[in-house]
Amino acid sequence: SAEADAAAARQVATGSSRRACWESRDVFFACMDAGPQDEIGERCTKQWEAFNTRCLPSWVKHFMVQKNLESRPKAAFGQPSAR
3 SAEADAAAAR QVATGSSRRA CWESRDVFFA CMDAGPQDEI GERCTKQWEA
53 FNTRCLPSWV KHFMVQKNLE SRPKAAFGQP SAR
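Residue numbers for the sequence shown follow the numbering used here, so the first one is 3 and each next one is one higher.
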């Protein structure tokens, strides 16, 4: 609801809430990188829930897009890869 979104936005506006979001993002991404991709769902459930609880949905989406772009080869973006 709009009220819930506004309350979440106010919560994230504080420095400690932003740090908690970033920390939970970092923990989740570390879990993602720690093993086979096909086991993330089993291995990282708690980290994913914390990430989604501590961050606004728009932030989760933004961070996930960044993570996915980061893992692509640079050549995919028109930059030659180092040889």
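The beta-carbon is built from N, C-alpha and C at its ideal position, and this holds for glycine as well.
All values reported here derive from a predicted model rather than from experimental measurement.
Supposed contact pair residue j and residue i - C-beta distance, whole angstroms, cut 8 Å
i, j, result
"Cys-23", "Arg-56", "5 Å"
Element boundaries [alpha helix (DSSP H), containing residue i]
i, result
"Ser-26", "17-35"
"Gln-49", "47-56"
Simplified DSSP assignment, three categories, for residue i
i, result
"Leu-71", "helix"
"Pro-38", "coil"
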